[in-house]
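Numbering of the sequence shown is given in this note's numbering, commencing with residue 1116 and proceeding in unit increments.
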Amino acid sequence: MLRGAHRSLDRGRAEIGAHCWFGPHAAVGEGLTIGPNCRVGAQADVMSDVPAGAEVVGSPTQPRRKCFRQVAFLRRMGCRAP
1116 MLRGAHRSLD RGRAEIGAHC WFGPHAAVGE GLTIGPNCRV GAQADVMSDV PAGAEVVGSP
1176 TQPRRKCFRQ VAFLRRMGCR AP
């Protein structure tokens, strides 16, 4: 529940399993389920359910290994961060 100066807003609820870890500024959409023992990276935007034991990063979130494979591919192709 977010409370403003003149109003209250109910943004819905997310179901978060036991022993989850969230990095700073991670956001979870309303009505989503985060399974137990998950890790959500910093500044990640969770827009779909996350299965138990998953590690997700990015915006929108994707499995950590998939993200790092994409970064490695781009580096091999000669792309650099801005």
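C-beta atoms are modelled at their ideal positions from N, C-alpha and C, and glycine is treated no differently.
Treat the numbers as computed from the prediction; the structure is a model and nothing was measured.
Would you decide whether residue i is buried or exposed? Buried here means 16 or more other CB atoms lie within 10 Å of its CB.
i            : result
residue 1156 : buried
residue 1194 : exposed
Helix, strand or coil for residue i? Go by DSSP, reduced to three states.
i            : result
residue 1187 : helix
residue 1195 : coil
How many angstroms separate the CA atom of residue i from the CA atom of residue j?
i            : j            : result
residue 1134 : residue 1173 : 21 angstroms
residue 1180 : residue 1127 : 30 angstroms
residue 1192 : residue 1185 : 11 angstroms
residue 1148 : residue 1163 : 8 angstroms
residue 1178 : residue 1171 : 4 angstroms
residue 1150 : residue 1190 : 32 angstroms
Item to check | the region 1157-1170 in contact with the region 1128-1138 per 3-pair CB rule at 8 angstroms | outcome: yes
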